[in-house]
Amino acid sequence: MTVPLDRCCLVELQVSAERISQLRRIVAAHLRHWSLDLHVRPVCRAAEELLTNVQRHVGDHNECVVELRWSGRHLTVSVADNDPRMPRLLSGGGGGLSRVMALSDSWGTCRTTDGKVVWFTRYAESPCTTGLQPRTPLPGGSTFLERPVPVLV
465 MTVPLDRCCL VELQVSAERI SQLRRIVAAH LRHWSLDLHV RPVCRAAEEL LTNVQRHVGD
525 HNECVVELRW SGRHLTVSVA DNDPRMPRLL SGGGGGLSRV MALSDSWGTC RTTDGKVVWF
585 TRYAESPCTT GLQPRTPLPG GSTFLERPVP VLV
């Protein structure tokens with residue numbers, strides 16, 4: 465399946481509590497535009513966790529880049545920041561990368577020349593559209609349906 469090039473969203477921002485909630489709304493709007501309504505809640509929650517990690521471990525007002533990419537089958541969300549320290553999955557779980565892992569099909573990290581990228585993917589196939597059109601009502605409503613149909617013999 466080929467997906468048009470507009471299935472990508474790139475947002476550069478300085479991390480802060482206000483920006484995280486704004487980005488959540490931006491991600492939700494893109495997912496709805498791409499007809500991925502069923503993925504809005506888990507994807508927004510996981511993206512919020514990644515940004516909260518940047519805020520908590522790298523610092524407020526640090527610049528980062530959030531990218532959404534949908535291939536028609538898989539949705540990838542990545543957050544790049546300029547801190548070279550790699551994140552760790554804590555054994556206690558409950559938040560951060562543990563929550564991202566629970567909300568996604570796969571996740572990972574990658575070093576870059578400027579810092580790192582943390583990403584996750586979800587299987588997100590385009591919903592099938594049936595092309596149903598509204599029908600015009602039958603004349604006479606339910607009485608029309610109850611009348612016997614004459615049979616020619």
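The numbering of the sequence shown is the working numbering, which starts it at 465 and goes up by one. Note that the Cβ used here is the ideal one computed from N, Cα and C, for glycine as well.
Once you ignore the five residues that flank residue i on each side, which residues in its own chain have a CB closer than 7 Å to its CB?
i    : result
S568 : A510, F584, T585, R586
D524 : V479, S480
V491 : V507, C508, A511, L532
Where does residue i fall in DSSP's three states?
i    : result
H525 : coil
L474 : strand
S542 : strand
L532 : strand
V479 : coil
S570 : strand
T516 : helix
R549 : coil
R575 : strand
R496 : helix
L616 : coil
R488 : helix
With a threshold of 8 Å on Cβ separation, who are the neighbours of residue i within its own chain once the five nearest residues in sequence on each side are excluded?
i    : result
I484 : E512, L515, T516, Q519
P552 : The sequence given here has Arg at residue 552, not Pro. Hits under 8 Å: L561.
T576 : A544
M550 : T573, R575, K580
Quick check on the burial criterion: 16 or more other C-beta atoms within 10 angstroms. Buried or exposed for residue i?
i    : result
A493 : exposed
G559 : exposed
C508 : buried
C574 : exposed
E578 : The amino acid occupying residue 578 in the given sequence is Asp; Glu does not appear at that position. Classification of D578: exposed, given that the 10 Å Cβ count is below 16.
M465 : Residue placement at M465 is poorly supported in this model, since its pLDDT is 48, which falls under 50; the coordinates still yield a value, given next. Label assigned to M465: exposed.
L469 : Reliability fails at L469, whose pLDDT of 48 lies under 50, so the model's placement of it is uncertain and no value is given.
L487 : buried
L495 : buried
S555 : exposed
Excluding five sequence neighbours on each side, which residues of the same chain lie with their C-beta closer than 6 Å to the C-beta of residue i?
i    : result
A588 : L500, H503, L539
E476 : V529
C473 : H494, L532
S570 : T585
May I ask you to list the residues that DSSP assigns as paired with residue i?
i    : result
R586 : L539
V504 : Answer is none; V504 lacks a bridge partner.
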